Structures are given as C-alpha cells and as structure tokens.
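Count along the sequence shown from 1, add 394, and you get the number used in our numbering. Ideal Cβ placement from N, Cα and C applies to all residues, glycine included. Note that the structure is predicted; figures quoted are calculated from it, not measured. Notes for the one structure printed next.
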Amino acid sequence: MPVLSVRLLGPLAISRNDVPVTLPSSRKLRALLAYLVLAPHPVSRSRLCELLWDVPNDPRGELRWCLSKLRGALDAPGRHRVVTQGDTIALDLSDCLVDALEVSQAATQGIGTLDIGRLRALAKLFAGDFLDGLELERSPHFNSWLIAQRRRFHSCHVAVLERLVASLPADS
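Structure follows, in structure tokens:
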C-alpha cells in the first residue's frame with residue numbers, strides 16, 4: 395500500500411510515496427486537515443463549522459466541499475482515511491507518517507528518555523513553525539488553537555535540541 399506522509403511542522407504538505415499530493419489552495423481546507431489530524435477523537439460537524447467559519451451562508455456546505463477535497467487527497471482505492479459516522483468526522487491515519495504525531499508521541503514518552511538517534515530523527519522533522527504561513531481571518535477559535543499548537547511544538551523542538559546539545563562531548 396502506498397505510504398502517505400503528512401507534514402504539519404513547517405508549511406503543510408502531503409506526499410504519497412514521496413510524490414507531493416496537490417491540495418486545493420483553500421486555507422480552510424488546510425486548517426480542517428490539520429485540526430482533524432491532531433484531534434484525539436471524532437469531531438462533530440457543528441464544532442468544525444464553529445471553529446472554521448464565521449457564519450457564512452452555508453457552513454455545512456463548505457464543510458462538505460472541504461471533506462470531498464480531503465477524500466480526494468487522502469483516500470486511496472480500498473482505503474478510506476476520511477471517516478464519517480453520524481454527525482462526527484475523523485481521520486484514520488494509522489498507517490501514515492505524520493511528523494506532528496511522531497513528535498507528540500515522543501513528548502508523551504518523555505524527550506529525556508530518548509536515545510540520540512531518535513532525537514536526531516525528531517530534530518529533522520521540524521521544518522518551521524507548526525502550519526507555517528497558515529492563519530485564518532475571522533476564525534478566532536481556530537487561531538487560538540493554532541497558537542496553542544505552535545507553542546506546544548516549539549517547546550518540543552526546544553526540548554529535543556537541548557537534549558542533543560547536552561549529549562555533545564564537553565570541550566577539554
């Protein structure tokens with residue numbers, strides 16, 4: 395099965411077998427993708443509409459459009475990654491490589507417990523701020539979430555780099 399990779403640490407990017415997957419330029423679609431990637435459980439449609447749309451004419455219609463585009467980018471024949479059940483939406487990325495999830499798992503495990511090889515691999519995942527360049531006008535709930543995630547991943551990056559520096563041999 396093709397390997398799907400999602401990069402959130404830096405500008406958002408998706409690739410399948412190292413070939414870039416083109417996403418529509420919609421900032422809301424990209425924000426939706428990132429939010430669903432990090433969501434620990436399925437998210438209600440109303441929550442997503444509240445998070446991303448400032449009372450447009452048809453927030454659910456816009457959400458449906460975004461979901462159809464996400465399916466086109468993420469799903470593969472016989473493999474549906476955009477999962478809807480009733481009023482909730484989730485992403486099944488269990489067989490995907492997601493930089494932010496790798497860093498989150500390492501932070502949960504404890505950065506201080508990781509060996510040097512793992513720390514170096516984590517340091518290479520950081521290609522900039524979380525969702526670098528993606529802010530949404532008139533979406534204060536999303537922007538608050540985005541700021542919190544940027545702070546969290548910045549702290550993880552600092553912790554990884556500090557551990558790497560501490561592992562260097564002292565100059566004599």
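Under the three-state DSSP convention, the category residue i falls into
i	result
residue 414	strand
residue 461	helix
residue 508	coil
residue 552	helix
residue 524	strand
residue 440	helix
residue 419	coil
residue 564	coil
residue 538	helix
residue 477	strand
residue 433	coil
Whole-angstrom C-beta distance between residue j and residue i, which should lie under 8 Å
i	j	result
residue 432	residue 464	Between residue 464 and residue 432 the Cβ distance is about 15 Å, and since that is not below 8 Å, they are no contact.
residue 419	residue 460	So it is not a contact: roughly 12 Å between Cβ atoms.
residue 485	residue 430	5 Å
Beta-carbon proximity of residue i to residue j, cut-off 8 Å
i	j	result
residue 560	residue 524	no
residue 445	residue 457	no
residue 505	residue 542	no
residue 403	residue 536	no
Residues bridged to residue i (per DSSP)
i	result
residue 544	Per DSSP, none; premise fails for residue 544.
residue 485	476
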